[in-house]
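The opening position of the sequence shown corresponds to residue 2 in this note's numbering, with each subsequent residue numbered one higher. We treat Cβ as the ideally placed atom computed from N, Cα and C, and that holds for glycine.
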Amino acid sequence: MASLGRQLVCIACRNNASIISGALSRGQLITRQSRGLTLSLSRGKRFTESKFIGFKVPPRQPITDLVTHSSIYDGPDPAPAFLDPRVQTILQRLTGCDHEKVFRHRKIRYIKPPTYVFMTDLELKKVTDEATRKAASLLIMPPVLSVKKDATVVLDKDPAIKGHYKSKFVFTDISLGVPDNKRLIVTRETDGTLREANTDERRRMNEIYNPRYGRSIVLPELFSAARLKDVLAQGEYEFVLDKTCMQLEPDEALFQSVIATTYDAIDEQQHYDVLLSTRYYGTMLFYFVWHKRADAIIVDMIDKDRMTAAGEIVTLFMLIHPTSGTATAAAGLEQPLQLVQKYIAEDCADKSGLELMLLRHEELQRNKRQFSDGAIAAHGL
2 MASLGRQLVC IACRNNASII SGALSRGQLI TRQSRGLTLS LSRGKRFTES KFIGFKVPPR
62 QPITDLVTHS SIYDGPDPAP AFLDPRVQTI LQRLTGCDHE KVFRHRKIRY IKPPTYVFMT
122 DLELKKVTDE ATRKAASLLI MPPVLSVKKD ATVVLDKDPA IKGHYKSKFV FTDISLGVPD
182 NKRLIVTRET DGTLREANTD ERRRMNEIYN PRYGRSIVLP ELFSAARLKD VLAQGEYEFV
242 LDKTCMQLEP DEALFQSVIA TTYDAIDEQQ HYDVLLSTRY YGTMLFYFVW HKRADAIIVD
302 MIDKDRMTAA GEIVTLFMLI HPTSGTATAA AGLEQPLQLV QKYIAEDCAD KSGLELMLLR
362 HEELQRNKRQ FSDGAIAAHG L
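Given below as structure tokens:
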């Protein structure tokens, strides 16, 4: 069991064996001796197994301004649309797979020196195929799920113990082989109410008993609104997305709020290409299309002479919103230009901006054709 509040004490039992776990601050030490368990603290005090009841640690200072966002998946479930094979195919194709970017050196402390090997053509093909498979695995997109709401399920009420303790107690099933999202975790309130643990309690208990690399029990300051704004202003989009996926679960409201805030910052600065050939580009496109905010990225693609990609985003819009005007009017169309024109006529929020960009694109294509025809005529072909 674990007490959350002014003091944090974690004690769990499995197979009649007591497992004592404490949230230790810097400088505290656990040592085991042959005659029993001896716990030594930096202050020099010693506790024996018979007298030990847990570690007292200073109360953590929770982040008071956690990121919140209105465009999270708290309505219809987006998972069926996201997992549609046609949607996945389009998202993967638009993401791309630039090996130089996928396998680039990241900001880590130690970088392994390169290894040079002489290979035959057959060995080179095998290595290339293996690199392609590895790149595909590195580009697997994080799942898009609806927000898991905290359902306060009361299991029992025992008024007799009201006022006996000043802190809550959390009871955690630490059996092996149980997924974290299905692990039984319940909380006993100070008024005697026994209920299922909420999202924050589940996250902290799972991290105590089943820690994962890169995660911390206390949420990083990165997830505060002020700190996140500063980091995004520096263009560290992928760092924020990596840290969010490492620390939080995709069905948590905080996870989706941080992700949505990051995508909004990218949209505001039009830094879409920063996420090309990363595992987040597809989910970013899905986010914009799901919330019907794809105008800006379509304009950006047309401006960069990527009309085919712009047409695929319109196709994506039709798949995700099958009852939209575009899905009805553009049924059977395949040409990217025609798809974009139907989108402008039916569902575009920034019609003037897209129409202007479309006119520029058509003029550019005419100039290219005239130049090509002139070059051919000059060479007498």
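>> Please state the DSSP three-state secondary structure of SER373.
In response: helix
| query | Can you tell me where the beta strand (DSSP E) with ILE186 in it begins and where it stops? | reply | The continuous beta strand (DSSP E) containing ILE186 extends over residues 186 to 189.
**Study point:** C-alpha gap between GLN271 and LEU84, whole angstroms
**Key:** 27 Å
Between which two residues does the beta strand (DSSP E) holding ARG196 run?
194 to 197
| According to DSSP, is SER258 helix, strand or coil? | helix
| said: For a quick check, are the C-beta atoms of ILE385 and GLN248 less than 8 Å apart? | reply: Because the chain in this structure spans residues 2 to 382, residue 385 falls outside the shown range and cannot be described.
Check your understanding: Assuming GLU208 contacts ARG216 under a Cβ cut-off of 8 Å, what Cβ separation, rounded to an integer in Å, is found between them?
Key -> 6 Å
For ASP181, the first and last residue of its enclosing beta strand (DSSP E)
Where ASP181 is concerned, there is no enclosing beta strand (DSSP E), given that its DSSP letter is neither H nor E.
Please classify ARG213 as buried or exposed, where buried requires at least 16 neighbouring CB atoms within 10 angstroms. The residue is exposed, with fewer than 16 neighbouring Cβ atoms inside 10 Å.
- Message: Just to confirm before moving on: does the CB-CB distance between PRO143 and ARG228 stay below 8 Å?
- Response: no
Please report the distance separating the alpha-carbon of SER353 from that of THR96. 28 Å
Practice item. Given a cut-off of 8 Å, decide if ILE321 and LEU286 are closer than it, judged by their beta-carbon atoms. Key: Between LEU286 and ILE321, the CB-CB gap reaches or exceeds 8 Å.
Which residue marks the beginning of the beta strand (DSSP E) containing ASP157, and which one marks its end? 155 to 158
Are three or more beta carbon pairs between the segment 301 to 316 and the segment 333 to 351 nearer than 8 Å? yes
What is the rounded straight-line gap between the Cα of ALA132 and the Cα of LEU125? 10 Å
TODO: Can you tell me which of ARG134, ASP159, ALA350 and THR263 puts its alpha carbon nearest to the alpha carbon of CYS246?
DONE: THR263
* CB-CB under 8 Å to LEU277, same chain, minus the five flanking residues each way: which ones, in chain order? -> THR96, GLY97, ASP99 and LYS102
Exercise. When the distance is taken between beta carbons, is VAL145 closer than 8 Å to THR284?
Worked result: yes
Who does PHE172 pair with in a DSSP beta bridge? VAL187
Tell me the residue span of the alpha helix (DSSP H) that contains TYR210. 200 to 210
Check: By the 10 Å Cβ neighbour count, where 16 or more other Cβ atoms means buried, how is LEU150 classified, buried or exposed?
Finding: Sequence inspection shows Lys at residue 150; the Leu mentioned does not correspond to that position. Exposed is the label assigned to LYS150, since fewer than 16 other Cβ atoms lie within 10 Å of its Cβ.
Quick one: what's got a C-beta closer than 8 Å to LEU140's C-beta in the same chain, skipping five residues either side?
GLN93, THR96, CYS98, VAL103, SER278, THR279 and ARG280
Between the alpha carbons of SER225 and ALA332, how many angstroms are there, rounded? One C-alpha to the other measures close to 45 Å.
query: Helix or strand or just coil, what does DSSP make of LEU286?
result: helix
> Is DSSP giving SER353 helix, strand or coil here?
Replying inline: helix
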